Amino acid sequence: MTLRLFFHSDDLKANVEVLDCTPHENEFAVVLRATLFHPQGGGQPFDTGWIGESRVLRVAQDPDRIVHYVDQPVALGMTQIRVDEPRRQLNTRLHSAGHLIGHFVQAMGWMPIKAHHWPGEARVQFKPAESAAEVDVQTVQNGIEQWIADDLPRLISLREGAREIGFGELPAYGCGGTHVRSLKDLGTVTIDSLSQKKGTLSVHYHVD
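The opening position of the sequence shown corresponds to residue 0 in numbering that gives the first Met the number 0, with each subsequent residue numbered one higher.
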């Protein structure tokens with residue numbers, strides 16, 4: 000099983016061991032002993048970057064390992080990996096903003112059921128509980144801005160072997176994604192719109 004360094008580290012560079020490199024269509028599939036690259040999944044896009052001089056085009060989760068698809072073969076043994084910083088930062092901010100939206104709207108009586116933290120199409124979806132209150136854009140916007148102003152710190156914990164992410168005293172969510180160290184790093188989060196269809200509330204947002 001690939002060791003997920005990004006579970007406990009915000010580093011974007013590391014020296015790791017290449018275990019396998021095999022041709023895959025027009026690419027090469029690389030398996031590392033440990034990785035900083037986040038694979039696609041959990042509502043978050045994959046990281047890109049470099050393994051040695053090979054460009055990482057996409058990263059996927061297999062059942063028991065993470066596979067990095069690169070543009071040229073990589074030699075087995077130790078090498079440096081580097082994660083593309085601007086892409087990681089954007090994906091991280093979108094994911095953390097999605098958690099805040101989940102917390103705030105859940106406190107209004109809506110249960111989060113699905114999240115999609117992708118640039119240009121980020122949204123969190125909810126189903127109403129019995130106590131669901133009416134939700135509007137400005138109320139959510141104001142709540143998110145207050146938490147960001149309070150600069151709540153990120154907290155990483157393990158519960159029964161599962162990784163959880165929380166901010167300040169907010170409840171923790173089980174999550175395998177990457178997140179900002181504290182909410183000041185989010186910058187500006189904008190709630191774009193709310194929509195409802197077949198009882199599902201969707202909160203659309205972006206970060207600047």
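Even for Gly, the Cβ is constructed at its ideal location relative to N, Cα and C. Remember, it's a predicted structure, so these values are computed and weren't measured experimentally.
Within the same chain, 92, 206 and 207 come within 8 Å of residue 186 by CB-CB distance, once the 5 residues on both sides are set aside.
Per DSSP, the continuous beta strand (DSSP E) segment holding residue 76 begins and ends at 76–82. Exclusion of the five residues before and after residue 41 leaves 174, 175 and 176 as the residues of its chain whose Cβ lies within less than 7 Å of its Cβ.
The closest CA to that of residue 74, considering only 161, 15 and 148, is found on 15. Beta bridge pairing from DSSP links residue 195 with 200. DSSP, read as helix, strand or coil, puts residue 106 in coil. Residue pairing of residue 14 in beta bridges, as defined by DSSP: 79.
By the beta-carbon neighbour count (other beta carbons within 10 angstroms, threshold 16), residue 45 is buried.
Non-local beta-carbon contacts of residue 136 in its own chain, meaning distances under 7 Å to residues more than five positions away in sequence, involve 190, 192 and 193 in chain order. For residue 139, the enclosing alpha helix (DSSP H) stretches over residues 136–149. In the DSSP annotation of this structure, the continuous segment of the beta strand (DSSP E) that includes residue 49 starts and ends at 48–50.
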